[in-house]
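Beneath this line is the structure, given in structure tokens, with notes to follow.
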Amino acid sequence: MVQTATLPGPAGNSKLEKKPVKFSNLLLGAGLNMFEVTTLGQPLEVVKTTMAAHRGDGFGSALGRVWSRGGVLGFYQGLIPWAWIEASTKGAVLLFVASEAEYYARTFGAGDFTAGISGGITGGVAQAYATMGFCTCMKTVEITKHKQAAAGVKPQSTFATFMDIYRKEGIAGINKGVNAVAIRQMTNWGSRFGLSRLAEGWIRSATGKKDGEKLSAAEKILASGLGGGLSAWNQPIEVIRVEMQSKKEDPNRPKKMTVGNTFKYIYGNNGIKGLYRGVAPRIGLGVWQTICMVAIGDIAKQYVEALTGDKVSAKH
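Set out below in structure tokens:
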């Protein structure tokens with residue numbers, strides 16, 4: 001059922017329509033996320049996480065460390081099932097929650113920009129606590145557990161590791177670092193949305209296009225890429241998240257890790273540079289996600305509409 005709300009406007013009453021969440025939107029979002037993570041997404045995620053966990057590594061040494069864990073397959077640690085679960089569910093959670101939050105922000109009189117950021121922030125937080133917390137935790141465990149392999153012992157399977165953590169630490173252990181994930185997602189979506197819109201304004205000014213005039217596919221990719229790249233300002237939160245979820249052994253680490261004491265631990269050992277370790281592959285990840293969601297997304301929309309007979313209205 002489509003919900004509407006009548007809001008007072010400068011020229012009288014304006015009707016606000018709440019758009020329903022369509023199956024075609026969910027199918028497109030899940031499909032694009034699965035494609036992105038299975039291609040370049042997971043390798044970039046593995047390198048980024050490795051650099052954040054081993055903050056003395058440069059980009060080259062991080063690549064060598066990952067390769068030593070199994071060659072090409074080392075770059076896909078954590079893909080099955082955790083990255084796939086995260087990719088196939090986070091888009092749906094974001095779409096539902098962001099759509100609701102944006103709608104209610106508009107009913108309170110918020111403009112497009114404010115309502116969009118409100119939806120993005122709320123959806124990002126919901127993503128973190130609903131699905132991304134335990135998925136990112138288990139991906140990080142898969143990437144950073146190397147003690148058994150180094151000792152010549154065959155590492156535990158993915159689900160054996162999951163159950164081991166659950167038996168020892170319960171739900172809290174599986175969701176370790178979820179608060180840092182929530183902060184990252186909240187700042188990610190808020191800044192990506194705002195900076196992408198700012199970049200669109202710069203492009204329109206440079207090309208002489210009017211407000212509201214459509215950008216070309218290349219211009220959309222450039223604007224979204226700039227937004228995604230510049231959003232890496234919050235990389236310290238990502239490094240904190242990785243450290244909280246890492247299974248590496250260090251007697252100097254705080255016993256009960258919080259966002260605050262983990263920040264102090266990283267800064268004390270590695271300084272400002274340590275807090276930004278892994279920012280280069282993260283920028284690369286943002287660019288690849290943008291290409292998938294914008295360029296490939298436009299092509300995928302046509303196929304999904306033909307498959308379902310349902311017009312896709314998702315914004316990507």
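Residue numbers for the sequence shown follow full-length UniProt numbering, beginning at 1 and rising by one. The beta carbon of each residue, even a glycine, is placed where N, CA and C say it ideally should be. Please read all numbers here as calculations on a predicted model, not as lab measurements.
Rounded to a whole number of angstroms, what is the C-alpha to C-alpha distance between residue i and residue j?
i, j, result
"residue 159", "residue 140", "14 Å"
"residue 99", "residue 86", "19 Å"
"residue 190", "residue 238", "16 Å"
"residue 143", "residue 205", "44 Å"
"residue 134", "residue 175", "5 Å"
"residue 287", "residue 70", "26 Å"
"residue 47", "residue 108", "43 Å"
"residue 111", "residue 63", "45 Å"
"residue 263", "residue 31", "35 Å"
"residue 5", "residue 115", "Summary for residue 5: the model assigns pLDDT 42, below 50, so the residue's position carries little reliability; its value from the coordinates is reported in the next sentence. Their Cα atoms are separated by approximately 15 Å."
"residue 209", "residue 185", "32 Å"
"residue 172", "residue 120", "26 Å"
"residue 257", "residue 170", "16 Å"
"residue 303", "residue 216", "20 Å"
"residue 77", "residue 250", "22 Å"
"residue 296", "residue 36", "10 Å"
By alpha-carbon positions, which one of the options ends up nearest to residue i?
i, options, result
"residue 93", "80, 124 and 70", "124"
"residue 162", "136, 228 and 37", "136"
"residue 220", "240, 195, 53 and 108", "195"
"residue 198", "231, 182, 217 and 177", "231"
"residue 227", "306, 213 and 202", "202"
"residue 246", "55, 39 and 31", "55"
"residue 126", "169, 101, 116 and 253", "101"
"residue 265", "177, 244, 285 and 72", "244"
"residue 233", "130, 216 and 272", "272"
"residue 268", "25, 252 and 41", "252"
"residue 236", "53, 216 and 200", "53"
"residue 222", "67, 306 and 192", "192"
"residue 261", "270, 299, 36 and 240", "240"
Helix, strand or coil for residue i, going by three-state DSSP, please let me know.
i, result
"residue 213", "coil"
"residue 11", "Any reading at residue 11 must be qualified, since the residue scores a pLDDT of 42, below 50, and its modelled position is unreliable; no value is offered."
"residue 110", "coil"
"residue 257", "coil"
"residue 289", "helix"
"residue 277", "coil"
"residue 81", "helix"
"residue 268", "helix"
"residue 90", "helix"
"residue 252", "coil"
"residue 309", "coil"
"residue 201", "helix"
"residue 225", "helix"
"residue 71", "helix"
"residue 190", "helix"
Could you round the C-beta distance between residue i and residue j to whole angstroms and report it? I think they count as a contact, below 8 Å.
i, j, result
"residue 51", "residue 84", "Not a contact, Cβ separation roughly 23 Å."
"residue 225", "residue 308", "So it is not a contact: roughly 29 Å between Cβ atoms."
"residue 49", "residue 279", "Between residue 279 and residue 49 the Cβ distance is about 13 Å, and since that is not below 8 Å, they are no contact."
"residue 82", "residue 132", "That pair is no contact at about 10 Å."
"residue 128", "residue 182", "4 Å"
"residue 188", "residue 259", "Contact doesn't hold; Cβ gap of about 16 Å is too wide."
"residue 75", "residue 43", "4 Å"
"residue 122", "residue 79", "Rounded, the Cβ-Cβ distance is 28 Å, inconsistent with contact."
"residue 28", "residue 301", "6 Å"
"residue 275", "residue 45", "Not really, about 19 Å apart at Cβ, beyond 8 Å."
Tell me the residue span of the alpha helix (DSSP H) that contains residue i.
i, result
"residue 170", "158–174"
"residue 132", "Note, residue 132: premise wrong, no alpha helix (DSSP H); not H, not E."
"residue 241", "235–245"
"residue 48", "42–53"
"residue 65", "59–67"
"residue 27", "23–36"
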